[in-house]
Amino acid sequence: MVFEAPDFDNHELVLFGRDEATGLKAIIAVHDTALGPACGGCRMWPYATEAEAVSDVLRLSRGMSYKNAMAGLPLGGGKSVIIGDSRKDKSDDLFRAFGRVVDSLGGRYIAAEDVGITVADVHTMGQTTRHVAGLSKGDAASGDPSPFTAYGIYLGIKAAVRHKLGADSLKGLRVAVQGLGNVGSNLCRHLAEEGAVLLVSDIHADNVARIVDQYGATSVDPALIHAVEADVFAPCALGAILSERSLPQIKAKVVAGGANNQLATDSVGELVRQAGILYAPDYVINAGGIINVSAEVVQAYDRDAVMQSVERIPHTLTDIFRRADQESRATSAVADQMARERLAAARRPNLAQVAE
Ligand code: NAD
Numbered sequence: 055m056v057f058e059a060p061d062f063d064n065h066e067l068v069l070f071g072r073d074e075a076t077g078l079k080a081i082i083a084v085h086d087t088a089l090g091p092a093c094g095g096c097r098m099w100p101y102a103t104e105a106e107a108v109s110d111v112l113r114l115s116r117g118m119s120y121k122n123a124m125a126g127l128p129l130g131g132g133k134s135v136i137i138g139d140s141r142k143d144k145s146d147d148l149f150r151a152f153g154r155v156v157d158s159l160g161g162r163y164i165a166a167e168d169v170g171i172t173v174a175d176v177h178t179m180g181q182t183t184r185h186v187a188g189l190s191k192g193d194a195a196s197g198d199p200s201p202f203t204a205y206g207i208y209l210g211i212k213a214a215v216r217h218k219l220g221a222d223s224l225k226g227l228r229v230a231v232q233g234l235g236n237v238g239s240n241l242c243r244h245l246a247e248e249g250a251v252l253l254v255s256d257i258h259a260d261n262v263a264r265i266v267d268q269y270g271a272t273s274v275d276p277a278l279i280h281a282v283e284a285d286v287f288a289p290c291a292l293g294a295i296l297s298e299r300s301l302p303q304i305k306a307k308v309v310a311g312g313a314n315n316q317l318a319t320d321s322v323g324e325l326v327r328q329a330g331i332l333y334a335p336d337y338v339i340n341a342g343g344i345i346n347v348s349a350e351v352v353q354a355y356d357r358d359a360v361m362q363s364v365e366r367i368p369h370t371l372t373d374i375f376r377r378a379d380q381e382s383r384a385t386s387a388v389a390d391q392m393a394r395e396r397l398a399a400a401r402r403p404n405l406a407q408v409a410e
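The sequence shown lines up with residues 55 to 410 when you count with this note's numbering.
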């Protein structure tokens, strides 16, 4: 079932965690620890099937390996999912039970926030394991990663707009933001501050109302947000928004947003290129949060160093865009190759050590 799954990519470990008393059903996937302990968020989502949850955690954890490698962090790639509705199924006991599952890996996986999981939830997990990050209290606490993620995405959108549209400012540009949670709402703040025209959607009306109210954004039907007339489409909800089906409907010339796994399959990257759309590879543009979390993991939180590292994201993206142009390849293919090369280099035995 897992070894044959289409999204299985020689993951080092996949762990299924169950706690009957709290109803916990969780899966942890550790993709690659060549660079360090696997670190990545925990997602709580009401998956329709177990297979969907397995596919998500496999793809997300591979994405974390690539993300951490591209951001130059001493961390491997891992991710976890809890099957459940974050608006209905949360309890402290559930998160403590999940913490015990994380703890059983002895630090090989470090959990943080992702869709449906708040800083408070991570603190509760931390009652049963010390292998959590993204905390708001404690010596090296780095807090909610989302503002850092959003800031990196904002800078990444500017780099993509400069490359594709030749514009130095977002003022007056139409940006369609899908998903107004932790990342999307923080991103809207940066975009509004620069004078972008915001078109927004979320499946929860209260989230939309808040952004419309705060920034004068225009609300768009969630089923149509990807297809709206816009200069930039910024997916900040769930994955697989770029597919053979959605692509012909997208009018924006730049797709750059925070959602993980935006490509439904790897091969869609080339179709995006052929459609004349510049795609900012998701795991490169959305690395700001893990950069912030990593500073907590290495026990040396330094906000200035974190910001400097986040501010390198647009430069990494511009390198990818240029290389993709030169080689007539998809930006996603170029980024994947760069990430895989970094992982392979980390796996190669150190020649000096071999000689000893
Ligand atoms: P969140 O749960 O706070 O927000 C997600 C939002 O998307 C919710 O408001 C939800 O209602 C909305 N949504 C879901 N399906 C939708 C749809 N079809 N159309 C419109 N809206 C929809 O999660 P988040 O932390 O903001 O994360 C958003 C995305 O960014 C995820 O893909 C996540 O993996 C990725 N990401 C987050 C971080 C971070 O720091 N939080 C870091 C890197 C990547």
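Glycine included, every Cβ here is placed at the ideal spot set by N, Cα and C. Quick caveat, the model's predicted, so the values are computed rather than measured.
- At least one heavy atom of the ligand NAD is found less than 7 Å from the C-beta of C290.
- In this structure, A166 sits near A187, with a CB-CB distance shorter than 8 Å.
- Of all alpha-carbon atoms in K79, Y337, A306, the one lying nearest the alpha-carbon of L317 is that of Y337.
- Bridge partners of V231 according to DSSP: V254, A288.
- Secondary structure at E167: strand, using DSSP grouped into helix, strand and coil.
- Runs of the beta strand (DSSP E) lying entirely within the region 92-148, each at least 3 residues long, are 92-99, 130-137 in chain order.
- In the assembly as shown, A313 is a buried residue. Its beta-carbon has 16 or more other beta-carbons within 10 Å.
- Put simply, the region 287-299 touches the region 224-232. At least three CB pairs are less than 8 Å apart.
- Contact annotation: D86 and G131 have beta-carbon atoms nearer than 8 Å.
- Collapsing the DSSP output to three states places R72 in a strand.
- For a cut-off of 8 Å, the C-beta gap from V108 to V155 is around 16 Å, too long to register as a contact.
- By alpha-carbon distance to A246, the top candidate from I137, F62, R228 is R228.
- In this structure, the C-beta of N236 approaches the ligand NAD to less than 7 Å from one of its heavy atoms.
- The three-state secondary structure of T87, taken from DSSP, is coil.
- Annotation for I279: A230, Q232, S255 place their beta carbon closer than 6 Å to its own, counting only its chain and skipping 5 residues before and after.
- One Cα belongs to E350, the other to I344, and the distance between them is close to 10 Å.
- Using a Cβ-Cβ distance cut-off of 8 Å, the region 131-144 and the region 81-99 are in contact, since at least three pairs of beta carbons, one from each stretch, lie closer than that value.
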